[in-house]
Structure formats: C-alpha cells, structure tokens
Amino acid sequence: MITTLVENPCGELMLVHRNKDWRDCEGPDFPPQEREELHFDGEEDTTYVAFHGPKARLDFYETAAFKVFKLNQDTHDWERVDSVGDYALFVGINRASFVSAEEYPGCRTNCIYFTDDYREGHEAHFHGGYDIGVYDVGKGSVEPFSCRGLYDPVLIWPPPVWVFPSK
C-alpha cells in the first residue's frame, strides 16, 4: 500500500491509500538451470523473479483501488470519504495535486489519475512504468491507460506525474 498526503482545494489535509494487486506474467526465455530470486527493499510486499524451466515468471502489480481519508481537525482522526467531489486528483511518486474538473475539460470529476510508482521494477529493468490509469472513486473501478511503447520507463525516472494543462 502506498500512502500520499495532499491538501485539497478547501485547505483540508487528505490521506490517499493506493492498494495494489500483485500478479505474475510470463517473462523471457532462460536456460532451465538458471534460478534466481531478486528481493527489493522499500515495499510492503517482496517482489521477486523466480526462474522455472525455460520461462521466467515475473511478479508485477496493478492498482486495484484507492481509499481517501480527510483529517478531522477537531478529533485529529482520519475519516474515510467517498468522494473527491468536482475535482480530479492526480497522484504519482513525486507529487499529488487536485484540479477542478470544470476548469479543465477532459478531466473527470471524482476521479484519481495515477502514474506508476514501482521504483524497483524500473531499477531492475523489468516490469515497471506501466501501471497508469484513472480510478473512479464513486464506482470503485480502475480504467488502465495503455502506454506501452510511448516512453521507456527505464530511461525516464522518476516518471512524470502529469503534464498539467494551462488555462
């Protein structure tokens, strides 16, 4: 789980939890005798590559959901919220920002736009840089963006959060 703090347009402190769903996929060919595990620090979950026969199995993730909380100034408790209202929230490894969906046509209200934050995958030159999409807070659904081939995540680090439009 990745946690991000961000101030909303009303000046309230928000806490955003990003939940990942770990999966595996078939990787490149390797000679059957090669077996190795790679472990990376800095994540709750251990990521590894296990070599099995002629194919490698690569563990990777997809963003599954977000949970959004607001700090109650009186009780100092985090309270779950079910909406970010008429705003779009942009979240990445190096920044989080709210924008008014009304002021930026094309932005969807009550949605979280996210970029990939899998640093270990980038550094090890395997899966990483492709978990980019939009999470609809009201529906609780993720719509992935297909960005394979658009840029090389190994060469561009950290990945840009977004290019914010000008008015």
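Numbering (our numbering), first residue to last: 113 to 279. Every residue gets a Cβ at the ideal spot worked out from N, C-alpha and C, and that includes glycine. For clarity, every value in this text was computed on a predicted model and none was experimentally measured.
Of the residues the options, the one placed nearest residue i, counting alpha carbons only
i, options, result
"Phe-226", "Asp-189, Cys-122, Val-128, Glu-124", "Val-128"
"Tyr-247", "Pro-121, Glu-215, Val-180, Glu-191", "Val-180"
"Pro-121", "Val-196, Pro-217, Ala-176, Gly-245", "Val-196"
"Asn-222", "Leu-117, Asp-194, Asp-189, Met-126", "Asp-194"
"Val-249", "Ala-176, Leu-117, Asp-133", "Ala-176"
Cβ neighbours of residue i in the same chain (closer than 7 Å, five flanking residues each side left out)
i, result
"Ser-212", "Asp-198, Tyr-199"
"Cys-219", "Ala-200, Val-211, Ala-213"
"Gly-123", "none"
Burial state of residue i (16 or more Cβ within 10 Å)
i, result
"Gly-115", "Reading off the sequence, residue 115 comes out as Thr, not Gly. That one is exposed."
"Gly-192", "In the sequence under discussion, the amino acid at residue 192 is Arg, which differs from the Gly named in the question. The residue in question, Arg-192, is exposed, as its Cβ has fewer than 16 Cβ neighbours within 10 Å."
"Tyr-173", "buried"
"Thr-159", "Low confidence applies to Thr-159: its pLDDT is 45, below 50, so where it sits in the model is not reliable, and the reading given next is rough at best. So Thr-159 ends up on the buried side."
"Phe-178", "buried"
"Lys-132", "buried"
"Arg-130", "buried"
Sequence-distant residues of the same chain with beta carbon closer than 6 Å to residue i, five excluded per side
i, result
"Leu-201", "Phe-210, Ile-224"
"Glu-255", "Gly-245, Val-246"
"Val-118", "Met-126, Ala-208"
"Phe-257", "Ile-244, Gly-245"
Close Cβ partners of residue i (< 8 Å) along its chain, the five nearest in sequence each way excluded
i, result
"Trp-190", "Leu-127, Phe-181, Lys-182, Leu-183, Asn-184"
"Ser-253", "Tyr-247"
Touch test, the stretch 207-216 against the stretch 179-188, Cβ-Cβ under 8 Å, three pairs minimum: No: fewer than three Cβ pairs fall under 8 Å.
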